[in-house]
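Novice: Numbers 4 to 108, taken from the numbering used here, label the letters of the sequence shown in order.
Cβ coordinates follow ideal geometry from the N, Cα and C atoms, glycine included.
Since this is a predicted model, take the numbers as computed values, not measurements.
The structure is given below, and queries will be raised subsequently.
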Amino acid sequence: MTQKVYKCGSSYSQIPCPDGVAVEASDTRTSAQKTAANQTSKSQAKQAQVLEKERLKDEAQARAAGQALAKAHSKKDPTDSKPAAKKKSKEPEYFTAKPVPAPKN
């Protein structure tokens, strides 16, 4: 089955265009080559589906493990927690200029 294909500048089309040139576009493969190509395509599609299922399963497991880990970290034992003590203010290690205090009367 030969289709008419037209070369229109640098692109190809099945629709004639002004100044378009008709090009022979028949499939020159043998039936054995076509069958082999179809089988390869089907095989690759099946492999892709298997890999996709594996990936989705792995992602679901990782997501569940991450949620379990987050849940474990978020649970705190109320008996172990103490109120945070106030931190003492400490002098900075570097010099800070301060104004001279006013004399007391």
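When the Cα atoms are used, what is the spatial distance from D22 to A35?
Specialist: So the alpha carbons of these two residues sit roughly 38 Å apart.
Novice: Kindly identify the DSSP beta-bridge partner or partners of E27.
Specialist: K7
Novice: Who are S16's beta bridge partners in DSSP?
Specialist: Y9
Novice: Would you kindly report the start and end of the unbroken alpha helix (DSSP H) that includes S34?
Specialist: 34-77
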